[in-house]
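J.: Per the working numbering, residue 971 is the first one in the sequence shown, and the count goes up by one each step. Positions of the beta carbon are idealized from the N, C-alpha and C atoms, including for glycine.
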Amino acid sequence: MVTLSQGFEKSVRGQTRRPIIRDKVGRYAYWIGIFILCLCMTVPVAFAEGRPLSLDDVLRMDGVGTGLADPDGKWLVYEQMRPYDEIGDYSFRTYAFGGKSGHQLWRYNLASGGPPERLPGLDQTPFTWQMGFSPGGQYLTILQYREGRLRLGAYDMNEERAIMFVPVPAFSKTGDHDPVWVSEHELVFTALPEGDLPRFTSVRAHTGAVLTQAWEDAWRGDVVTASEVRNLPEGGEPTSLGGQLVLVDVR
């Protein structure tokens, strides 16, 4: 793992947030896979029994998020959201639309068919998203979230195992900090300073803990709890985000 630069305002912009399938074969494979997945999804019991849909039925329904075919058109990897009453962690992204789901990653073999399966060799207790394939399709960038903490890694489609990186990745809702593959086995991503957590993912899960700790510190009086806020004059030097660009070889 190599540090490319210290401090950044925005990460490398080398690819779109969700890789676009440009060739016709890839597009056809993608939509065929989505169609098959829809057929494979479990129909709610309410419809099978011919009764009105209840709230309990809705809480038991799965959701399907973003699907992505690998460059060879063999695998379709898609995000499936667990039933709402089985989630266990409601602190971030508990919805499945607009490319913002991802409680679990499943794969479907476009070449041989068969039932979909969860990615083997990957602990999917945390919420898991896909962030794009490497150019040759051997590796899939994955992002995992649990109780405010975010981890970035690469899943080896051949070896069926995940390599998780130690630095905490920067994260933004607009995709400004999405990782970029610069070769088949080298990935560049933006990492936060040690000890920091992404604001968007940690705000709900850690706000209570932070406020509680600050309250206790203030009453003890043995640590400084004041905050300093500064406004720059118009035309003043903008403040860049702390952190670094990291190059990692996933082999």
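#1: Under a Cβ-count criterion, where at least 16 other Cβ atoms within 10 Å of its own Cβ denotes burial, should leucine 1025 be classed as buried or exposed?
#2: Since aspartate 1027 and glutamine 1050 are thought to touch, with beta carbons under 8 angstroms apart, how far apart are those beta carbons, to the nearest angstrom?
#3: Can you list, in chain order, the residues of its chain whose CB lies under 8 angstroms from that of proline 1139, leaving out five sequence neighbours each side?
#4: Is the segment 1189–1197 close to the segment 1126–1141, with three or more CB pairs under 8 angstroms?
#5: Just tell me which of Leu1029, Gly1102 and Leu1046 has its CA closest to the CA of valine 1152.
#6: Run through DSSP, which three-state label would aspartate 1219 get?
#7: Output the distance between the C-alpha atoms of glutamate 1154 and proline 1053, rounded to the nearest integer angstrom.
#8: I'd like to know whether the C-beta atoms of valine 1047 and glutamine 1100 end up nearer to each other than 8 angstroms.
#9: Within 10 angstroms of the Cβ of methionine 1127, are there 16 or more other Cβ atoms? Answer buried if so, exposed if not.
#10: For aspartate 1219, which residues from the same chain have a beta carbon less than 7 angstroms from its beta carbon, with the 5 sequence-adjacent residues on both sides left out?
#11: Does DSSP put aspartate 1026 in a helix, a strand or coil?
#12: Can you give the beta carbon distance from glycine 1043 to leucine 1080, rounded, assuming they're within the 8 angstroms contact cut?
#13: Answer with buried or exposed for glutamine 1074, where buried requires no fewer than 16 other C-beta atoms within 10 angstroms of its C-beta.
#14: Do you know offhand how far arginine 1221's Cα is from glycine 1058's?
#15: For a test of the three-state rule: what should DSSP assign to threonine 1195, helix, strand or coil?
#16: Less than 8 angstroms separating the beta-carbons of glutamate 1130 and glycine 1083?
#17: Return the chain-ordered list of same chain residues with a C-beta closer than 8 angstroms to the C-beta of proline 1227, the five sequence neighbours on each side being excluded.
#18: In angstroms with no decimal places, state the Cα-to-Cα distance between glutamate 1117 and tyrosine 1125.
#19: Report yes if the CB atom of aspartate 1055 is closer than 8 angstroms to the CB atom of leucine 1029, and no otherwise.
#20: Using a 10 Å radius around the Cβ and a threshold of 16 neighbouring Cβ atoms, would you call valine 1216 buried or exposed?
#21: Using only alpha-carbon positions, find the residue among Tyr1115, Glu1186, Gln1214 and Trp1185 that is nearest to glutamate 1164.
#22: Quick check on this structure: which residue in Tyr1078, Tyr1115 and Thr1144 has the alpha carbon closest to the alpha carbon of proline 1096?
T.: Quick look at the numbers:
#1: Position 55 of the sequence shown, counting from 1, holds the residue named residue 1025. By the neighbour-count rule (16 or more Cβ atoms within 10 Å), leucine 1025 is not buried but exposed.
#2: Residue 1027 sits at position 57 when you count from the first residue of the sequence shown. Residue 1050 sits at position 80 when you count from the first residue of the sequence shown. Not confirmed; about 18 angstroms, so no contact.
#3: The sequence position of residue 1139 within the sequence shown is 169, counting from 1. Contacts found: Leu1113, Leu1120, Arg1121, Leu1122, His1147, Pro1149, Phe1159, Thr1160, Ala1161, Leu1162 and Pro1168.
#4: no
#5: Numbered from 1 along the sequence shown, position 182 holds the residue referred to as residue 1152. Checked all of Leu1029, Gly1102 and Leu1046; the closest Cα to valine 1152 is Gly1102.
#6: The count along the sequence shown starts at 1 and reaches residue 1219 at position 249. If DSSP states are grouped into helix, strand and coil, aspartate 1219 belongs with the strands.
#7: The residue given as residue 1154 occupies position 184 in the sequence shown. The residue given as residue 1053 occupies position 83 in the sequence shown. Each residue's Cα considered, the two are about 35 angstroms apart.
#8: By 1-based counting over the sequence shown, the position of residue 1047 is 77. By 1-based counting over the sequence shown, the position of residue 1100 is 130. Result yes, Cβ atoms of valine 1047 and glutamine 1100 sit closer than 8 angstroms.
#9: Walking along the sequence shown from the start, residue 1127 turns up at place 157. Under this definition methionine 1127 is a buried residue.
#10: One-based indexing of the sequence shown puts residue 1219 at position 249. Cβ neighbours of aspartate 1219 beyond the five flanking positions: His1155 and Glu1156.
#11: To locate residue 1026, count along the sequence shown from 1; it is residue 56. Correct three-state label for aspartate 1026: helix.
#12: The residue labelled residue 1043 in the question sits at position 73 within the sequence shown. The residue labelled residue 1080 in the question sits at position 110 within the sequence shown. Correct: roughly 6 angstroms between the Cβ atoms.
#13: Within the sequence shown, the letter at position 104 stands for residue 1074. The residue is buried, with at least 16 neighbouring Cβ atoms inside 10 Å.
#14: Translated into positions along the sequence shown, residue 1221 becomes position 251. Translated into positions along the sequence shown, residue 1058 becomes position 88. Answer to the nearest angstrom: the Cα atoms are 34 angstroms apart.
#15: Counted from its first residue, the sequence shown places residue 1195 at position 225. Here threonine 1195 sits in coil by DSSP.
#16: Walking along the sequence shown from the start, residue 1130 turns up at place 160. Walking along the sequence shown from the start, residue 1083 turns up at place 113. Cβ atoms of glutamate 1130 and glycine 1083: not closer than 8 angstroms.
#17: The displayed coordinates of the chain run from 971 to 1221. Any statement about residue 1227 would go beyond what the structure contains.
#18: Residue 1117 sits at position 147 when you count from the first residue of the sequence shown. Residue 1125 sits at position 155 when you count from the first residue of the sequence shown. When rounded, the distance between both Cα atoms is 22 angstroms.
#19: Taking the first residue of the sequence shown as 1, we reach residue 1055 at position 85. Taking the first residue of the sequence shown as 1, we reach residue 1029 at position 59. Against a cut-off of 8 angstroms, the Cβ pair of leucine 1029 and aspartate 1055 comes out as a contact.
#20: The count along the sequence shown starts at 1 and reaches residue 1216 at position 246. The residue in question, valine 1216, is buried, as its Cβ has 16 or more Cβ neighbours within 10 Å.
#21: As a first step, residue 1164 must be located in the sequence shown, where it is residue number 194. Of the listed residues, the one whose Cα sits closest to glutamate 1164 is Gln1214.
#22: As a working mapping, residue 1096 is identified with position 126 in the sequence shown. It is Tyr1115.
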